[in-house]
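Colleague:
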Amino acid sequence: MDDITALILEDHHRFRVGFARLDDARSPQELEAIWTPLALHLDIHADAEEEILYPHLLKDAGGDNAKEETDDAIRDHNKIRDGIDEASRHPVGSDAWWKGVWKARTENSEHLAEEEDEVLPDFRKHASRELRLELGARWLRFFGEHPQGRGLSFVDKDPARYIEENS
1 MDDITALILE DHHRFRVGFA RLDDARSPQE LEAIWTPLAL HLDIHADAEE EILYPHLLKD
61 AGGDNAKEET DDAIRDHNKI RDGIDEASRH PVGSDAWWKG VWKARTENSE HLAEEEDEVL
121 PDFRKHASRE LRLELGARWL RFFGEHPQGR GLSFVDKDPA RYIEENS
């Protein structure tokens with residue numbers, strides 16, 4: 001079984017590859033074929049982190065910076081969702097569509113770097129291997145329970161409220 005941090009890193013790699021594929025796409029049909037599953041995966045991934053990783057980071061496995069890291073992550077997820085939403089309101093390949101995609105991409109790139117350099121190392125330092133494996137199993141079940149995002153709302157969250165409710 002995989003530890004949750006390894007599963008999150010695998011998703012991060014898929015996001016980078018997906019955005020690189022957009023760079024190579026040559027038609028609106030190609031762009032849509034790449035963007036639609038990428039945007040959905042970004043949304044599901046954010047919900048999975050907010051459901052599984054960040055509550056444990058706040059409660060028992062995050063160290064001194066857990067609240068700050070969580071606040072930043074929720075804000076990043078909101079900005080990524082906003083970029084996805086912006087893109088969805090415009091024809092694929094249009095300048096306005098690219099503006100939304102670019103917002104999602106740049107916010108996602110920043111978020112991945114922060115998570116990989118701060119959150120995940122902090123979590124590995126404070127969480128037992130058993131907890132990481134247990135959360136990895138929950139991560140896999142989450143994706144199985146929500147195929148194509150079924151049952152998820154993909155809405156922005158208030159960071160302060162999220163931290164209060166999950167601490």
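Here the sequence shown stands for residues 1 to 167, where the numbers follow UniProt numbering.
C-beta atoms are modelled at their ideal positions from N, C-alpha and C, and glycine is treated no differently.
Is Arg89 helix, strand or coil when you go by DSSP?
Modeller: Residue numbering aside, residue 89 sits at position 89 when the sequence shown is read from its first letter. Looking at Arg89 - three-state DSSP - the assignment turns out to be coil, as it is neither helix nor strand.
Colleague: Given this structure, state the Cα-to-Cα distance separating Leu57 from Gly63, to the nearest angstrom.
Modeller: Here residue 57 refers to the residue found at position 57 of the sequence shown. Here residue 63 refers to the residue found at position 63 of the sequence shown. Cα to Cα, Leu57 sits roughly 8 Å from Gly63.
Colleague: Using only the alpha-carbon positions, how far apart do Glu145 and Glu68 sit?
Modeller: Within the sequence shown, residue 145 is the residue found at index 145, counting from 1. Within the sequence shown, residue 68 is the residue found at index 68, counting from 1. Answer to the nearest angstrom: the Cα atoms are 30 Å apart.
Colleague: Helix, strand or coil: how does DSSP classify Phe154 here?
Modeller: In the sequence shown, residue 154 corresponds to position 154, counting from 1. Three-state DSSP puts Phe154 in coil, outside helix and strand.
Colleague: Could you compute how far the alpha carbon of Leu133 sits from the alpha carbon of Asp2?
Modeller: In the sequence shown, the residue the question calls residue 133 occupies position 133. In the sequence shown, the residue the question calls residue 2 occupies position 2. Between Leu133 and Asp2, the C-alpha separation is close to 6 Å.
Colleague: Verify whether the separation of the beta carbon atoms of Ile74 and Leu135 is less than 8 Å.
Modeller: Taking the sequence shown and counting its residues from 1, the one referred to as residue 74 is at position 74. Taking the sequence shown and counting its residues from 1, the one referred to as residue 135 is at position 135. Taking 8 Å as the Cβ cut-off, Ile74 and Leu135 do not qualify as a contacting pair.
Colleague: Measure how close the beta-carbons of Glu86 and Lys103 come, nearest whole angstrom, since I'm counting them as under 8 Å.
Modeller: One-based indexing of the sequence shown puts residue 86 at position 86. One-based indexing of the sequence shown puts residue 103 at position 103. Contact flag correct, Cβ pair sits at about 6 Å.
Colleague: Can you tell me which of Asp72, Leu22, Phe15, Glu32 puts its alpha carbon nearest to the alpha carbon of Ile163?
Modeller: Reading the sequence shown from its first residue, position 163 is the one you call residue 163. For the residues Asp72, Leu22, Phe15, Glu32, the minimum Cα distance to Ile163 belongs to Asp72.
Colleague: For Val155 and Ile44, I'd like the C-alpha separation in whole angstroms.
Modeller: By one-based count along the sequence shown, residue 155 stands at place 155. By one-based count along the sequence shown, residue 44 stands at place 44. When rounded, the distance between both Cα atoms is 11 Å.
Colleague: In angstroms, rounded to a whole number, what distance separates the CA positions of Asp76 and Asp117?
Modeller: Here residue 76 corresponds to residue number 76 of the sequence shown, with the count starting at 1. Here residue 117 corresponds to residue number 117 of the sequence shown, with the count starting at 1. Cα to Cα, Asp76 sits roughly 15 Å from Asp117.
Colleague: CA-CA distance, Leu112 and Pro121?
Modeller: Counting from 1 along the sequence shown, the entry for residue 112 is found at position 112. Counting from 1 along the sequence shown, the entry for residue 121 is found at position 121. Roughly 13 Å between the two C-alpha positions.
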